[in-house]
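A.B. asks:
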Amino acid sequence: MSASVLKTSVNSKSPEFEKNARRIVDLLTTIKNEEEQIRQGGGGKPWKSQRKKGRLTARERIAKLMDPGSQFFELGIYAAYEMYEEWGGAPSAGTVTGLCKSLRPHVHAHCQ
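Taking the working numbering, the leading residue of the sequence shown gets 8, the next gets one more, and so forth.
1) Could you tell me which of THR15, ALA100, GLU93 sits nearest to GLU81, measuring between CA atoms?
2) Determine contact between the stretch 94–108 and the stretch 67–80, defined as no fewer than three beta-carbon pairs at a distance below 8 Å.
3) Please list the terminal residues of the continuous alpha helix (DSSP H) segment that includes GLU23.
4) How many whole angstroms separate the CB atoms of GLY48 and PRO98, which I take to be in contact at a CB cut-off of 8 Å?
5) Measuring straight from C-alpha to C-alpha, what distance separates PHE79 and ASN40?
Structure below.
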């Protein structure tokens, strides 16, 4: 059995292709930076508050559930993105939800 080969008319050397490729890289960089900021949650003040109460953040609790070296596929990271700014925002709508490996093949983790 052989796979079919699709022919393309895309010229990867054209200025338009290079412009589009740069634009995609820029957009992906923006998304990566936004996601990293969202993963910070509320930042320093809420983290300090959790520590004072002897608690871990939601992402820290999930990390303890995960098998070492496994990835966490976060769902809904953009929930409530740029909403409720007048109250300091609501990164990930105040919850962390995703999939990871933990002793069993797949686990759905949800923490507030």
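Every residue gets a Cβ at the ideal spot worked out from N, C-alpha and C, and that includes glycine.
C.D. replies: Per the coordinate set shown:
1) For the options THR15, ALA100, GLU93, the alpha carbon positioned closest to that of GLU81 is the one of ALA100.
2) Short answer: they touch.
3) 22–46 is the extent of the alpha helix (DSSP H) around GLU23.
4) Contact between GLY48 and PRO98 holds: their C-beta atoms lie close to 5 Å from each other, under 8 Å.
5) Between the alpha carbons of PHE79 and ASN40 lies a gap of roughly 17 Å.
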